Structure formats: structure tokens, C-alpha cells
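Undergrad: Numbered continuously in our numbering, the sequence shown closes out at residue 376.
All residues carry an ideal CB built from backbone N, CA and C; glycine is no exception.
Please read these numbers as outputs of a predicted model, since none were measured by experiment.
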Amino acid sequence: MGKNTKSGAIFRGFCGDFSVFDNMSILVTGGTGSFGQAFVKKTLEDSRVKKVVVFSRDELKQYEFQQVLAGEGYDLSRVRFFIGDVRDVDRLEMAFKDIDFVIHAAALKQVTTAEYNPFECIHTNVIGAENIIRACLKTNVKKVIALSTDKAANPINLYGASKLASDKIFVAANNLSGRNGCRFSVVRYGNVVGSRGSVVPFFRKLLQDGAEFLPITDPEMTRFWITLSQGVSFVVSSLAEMIGGEVFVPKIPSMQIDDLAEAMAPGVARKVVGIRPGEKMHEVMIPSDDARNTIELEDRYVILPQSSTLWPSDAFNRYYQMGKNVNQDFYYASDNNSEWLQADDLQEWLKK
Numbered sequence: 025m026g027k028n029t030k031s032g033a034i035f036r037g038f039c040g041d042f043s044v045f046d047n048m049s050i051l052v053t054g055g056t057g058s059f060g061q062a063f064v065k066k067t068l069e070d071s072r073v074k075k076v077v078v079f080s081r082d083e084l085k086q087y088e089f090q091q092v093l094a095g096e097g098y099d100l101s102r103v104r105f106f107i108g109d110v111r112d113v114d115r116l117e118m119a120f121k122d123i124d125f126v127i128h129a130a131a132l133k134q135v136t137t138a139e140y141n142p143f144e145c146i147h148t149n150v151i152g153a154e155n156i157i158r159a160c161l162k163t164n165v166k167k168v169i170a171l172s173t174d175k176a177a178n179p180i181n182l183y184g185a186s187k188l189a190s191d192k193i194f195v196a197a198n199n200l201s202g203r204n205g206c207r208f209s210v211v212r213y214g215n216v217v218g219s220r221g222s223v224v225p226f227f228r229k230l231l232q233d234g235a236e237f238l239p240i241t242d243p244e245m246t247r248f249w250i251t252l253s254q255g256v257s258f259v260v261s262s263l264a265e266m267i268g269g270e271v272f273v274p275k276i277p278s279m280q281i282d283d284l285a286e287a288m289a290p291g292v293a294r295k296v297v298g299i300r301p302g303e304k305m306h307e308v309m310i311p312s313d314d315a316r317n318t319i320e321l322e323d324r325y326v327i328l329p330q331s332s333t334l335w336p337s338d339a340f341n342r343y344y345q346m347g348k349n350v351n352q353d354f355y356y357a358s359d360n361n362s363e364w365l366q367a368d369d370l371q372e373w374l375k376k
């Protein structure tokens, strides 16, 4: 599908109503990462949350985040910092006591790092997911949203495969929790503009250092893009709507890597360096094999679980009432998207 100049839908807010957290206790794993910090700040700003627990394994990052919150005037009496690792189920059980909702954002995310350190990737992304579920079931957590990635759909690298395994684990966990137990769902989205480790800050650093060219993998490569604030709102809105077992996928725009480089540095030369091991030319968020279970809503797609021993089919009737089935040959990929990020749109995002 050719590029589309539509941009109005690109700035969706995803209607995240943070009042769902009023008088609740929330824990976010990987809470000092880009998503975790944005989520904590927004939750403190827009809800009467009882307690937000930042769960992560780096004491320095926790200290630095605490200083940021204090310096920006946030109410630290509602924030707790808990050192721990998702590989340690006993520590998770301690952290999850009296927690209502868990946002699972901790993961090893770098494709090349995972390829070179496969044992570490599996222990964190797969066994860590199992540990989260075990701890939630033991401590009576109400709802869990796990953050996934477009690389989990039709994966060709270990990071994507580990996140696909994690997604399957969280969906299947609903069959373990009983009819009135904890509910588990997944959010899957693409590259986050400006997040740590993404190409945008990498390009910015090169330009600040006076680089004469920007390295790009392939001028035709495409990616999905979402802002950090959109990602946070999408997670919150999905948590509010979830029944359990869904994979929520936002409607977000695509952009070619070459266009992104031109938008960030007009006129600066680009050098093609080739695709790295484990990379795709285009990312997929919904494979065609999932089309039969996918519902299209106004601002997102919802992949319903293929089977459930807990709920009759009419449990998901409200999704069919709100939306519609996609075509059986449907698939959602960064190169067949109907929405494309233009240079002006990207520059506006970067200013924000």
C-alpha cells in the first residue's frame, strides 16, 4: 500500500482514564525505564492513586528517578521503590502484597544483545513472565497488563521469540486463575519515539557530535511509531477495558527509516550500513493467521484468545458490538499501513 498523507488519526490520545487507579495500589516492573517513569508521573498527576510501586533492579536508576520526582514536585508519599528482579519469584511475591494492578514493563529489549546473550534473554523475558504470573496468583492481584512488542509477531530474532512466548504465557494464565481470579492481558505496540535505545536519540547524539552522515540500515525499511504519552494512555485504557486474554494493538502510523533521518536532519548525508542480525525490513503487529480472532475498534485492534476454558463465547460480545471482524486476509504490518508519519508530524512529536 502506498504512503498516505493522512495525519489526523496519528495523534490519538487513546482515552486513558487514570481514575481507574483511584484508591488503588499499582506496581510497575521495569519502573525506571522510559515507559515506567512516564507511567508513574502520569498516574500521580491524573489519579488519586493510593500507592505506586517502582520495581526494578538498579538502585542508581531508582535513586535518580526519586530525585527527578522530588525536583518536579511530585507527591513522594504515594511512591515506593522496591529493588528486585523478575527472575526472583520470592521477591516478586513480597512486592505484590496488597497490590491491585501490575504493569509488567521489565524486559531485555535489545535485539543484538539478546542474540549474543540468549540465556539471559530467556531468563528475564520468558521465565520472568512465569514468575510474574505465579506471584500474582499467590497474592490476589486483580489485573495484569504485560507490555509486548511488534517483534513478537512472526518473530525472526530471539528477543521477538521470547516476547511471543511471554505473550502466550500471559494469555494462558487466565486459565489458571479461576473464574474470579487475576486477569492477564497484553499490549503490543511499535517503536517509541525518543525512548532509550531507540534510533531517534541515537541520531540526535550523532548530530550533536557533528556527524557528517547518519547510518541507516536500508532506505526502504519501515517501522511503526508511537509516542511515550500515547503508549502510557493506551496501556491504561486497555487495562480498564480488559476481560482477560486479549492482545491489544493500537492503530499507529508507520515511517520509512530514510524519511525519519531526513526529517531529523534535512540535507545531511545518509550511509546505508545494512540490516543487523535479527532485524526485519518491515515489522508486523497482527499476522494474517490471527485475523480470524481480531476485532477492529475505532482506535485499536483486539486479538481475542483462540480458546478459553473459563468464558463462554458471549463473554466477548461487547467487542463485537463495539467493533467489527477484520477480513480473513487481514494483516497489520508497517509497510501496508494506511497511516504514514510525515516529516512535519515527526518534528511536532520531537518538540513535545
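1) Considering only the beta carbon of each residue, do M309 and G205 sit closer than 8 Å?
2) Compute the minimum distance between the beta carbon of A264 and the heavy atoms of the ligand MN, and state whether it is under 7 Å.
3) When DSSP labels each residue in this structure, what does D283 get in the three-state scheme?
4) Within the same chain, show all residues whose beta-carbon is closer than 6 Å to that of R158, passing over the 5 residues directly before and after it, in chain order.
5) From D313 to G54, what distance separates their C-alpha atoms?
6) So what's A235 in DSSP terms, helix, strand or just coil?
7) Would you say the stretch 232 to 240 touches the stretch 287 to 296, given that touching needs at least three Cβ pairs under 8 Å?
8) Determine the burial state of A33: buried for a count of at least 16 other Cβ atoms within 10 Å of its Cβ, exposed for fewer.
9) Just how far apart, CA to CA, sit I267 and K192?
10) Between Q86, E69, F354, M288, which lies nearest to R316 when the distance is taken from Cα to Cα?
11) List the whole-angstrom C-beta distance separating V78 from G60, where the pair is believed to meet the contact cut-off of C-beta under 8 Å.
12) In chain order, what residues of the same chain have a beta carbon less than 7 Å from the beta carbon of W373, not counting five sequence neighbours either side?
13) Relative to the alpha-carbon of S331, which residue among F340, R324, Y325, D323 has its alpha-carbon at the smallest distance?
14) Buried or exposed: N351, going by 16 or more other Cβ atoms within 10 Å of its Cβ?
15) With H, G and I counted as helix, E and B as strand and the rest as coil, what does DSSP make of D338?
16) Could you check whether the stretch 84 to 97 touches the stretch 131 to 148, counting it as contact only if at least three pairs of C-beta atoms, one from each stretch, sit closer than 8 Å?
17) What alpha helix (DSSP H) runs, 4 residues minimum, are completely inside the stretch 93 to 168?
18) What three-state label does DSSP hand K348 in the structure shown?
19) Return helix, strand or coil for D46, following the three-state DSSP convention.
20) With three or more beta-carbon pairs closer than 8 Å as the criterion, would you say the stretch 124 to 131 touches the stretch 164 to 179?
21) So I193 is in the alpha helix (DSSP H); what residue range does that whole segment cover?
22) Which residue from I276, K75, R111 puts its Cα closest to that of R247?
23) D323 and F38 look like a contact to me (Cβ under 8 Å); what is the Cβ gap, rounded to whole Å?
24) Which whole-angstrom value is the C-beta distance of Y344 and I319, which I expect to be below 8 Å?
25) If you draw a straight line from the alpha carbon of A177 to that of D359, how long is it in whole angstroms?
26) Could you tell me whether the Cβ atoms of E303 and T241 are closer together than 8 Å?
27) Which whole-angstrom value describes the C-beta separation of E244 and M288, a residue pair presumed to lie in contact below a C-beta threshold of 8 Å?
28) Quick check: what's the CA-CA separation for D70 versus V297?
29) Determine, using beta carbons only, whether I169 comes closer than 8 Å to chain D.
30) Straight-line CA distance for S362 to P274?
31) Which partner residues does V296 have in the DSSP bridge list?
32) In terms of DSSP beta bridges, what is K75 paired with?
33) Would you kindly check if the distance between the Cβ of Y87 and the Cβ of L68 is under 8 Å?
34) Do you know how far the Cα of M118 is from the Cα of K75?
TA: Let me spell this out:
1) no
2) What this structure holds is no ligand at all, so the ligand MN is not there to describe.
3) helix
4) V113
5) Their Cα atoms are separated by approximately 31 Å.
6) coil
7) The stretch 232 to 240 makes contact with the stretch 287 to 296: 3 or more CB pairs, one atom from each, lie closer than 8 Å.
8) Its pLDDT being 41, under 50, A33 is placed unreliably in this model, and the value from its coordinates should be taken loosely. Flag for A33 reads exposed.
9) 16 Å
10) Taking each of Q86, E69, F354, M288 in turn and checking the Cα distance to R316, the smallest one comes out for F354.
11) Confirmed, Cβ separation roughly 7 Å.
12) Cβ neighbours of W373 beyond the five flanking positions: V217, T251.
13) F340
14) exposed
15) helix
16) no
17) Within the stretch 93 to 168, the runs of alpha helix (DSSP H) that reach at least 4 residues and sit entirely inside it are, in chain order, 113 to 119, 135 to 140, 142 to 146, 152 to 163.
18) strand
19) strand
20) yes
21) Membership of I193 in the alpha helix (DSSP H) is indicated by the continuous run 182 to 196.
22) I276
23) 6 Å
24) 7 Å
25) 14 Å
26) Their beta carbons are under 8 Å apart, which means E303 touches T241 by this criterion.
27) Going by Cβ atoms, the distance from E244 to M288 rounds to 18 Å, so no, they are not a contact pair.
28) 44 Å
29) Of the protein chains in the structure, only one exists, and it is not chain D.
30) 13 Å
31) As a beta-bridge residue in DSSP terms, V296 pairs with I240.
32) S49
33) No, Cβ-Cβ distance for L68 and Y87 is not below 8 Å.
34) 15 Å
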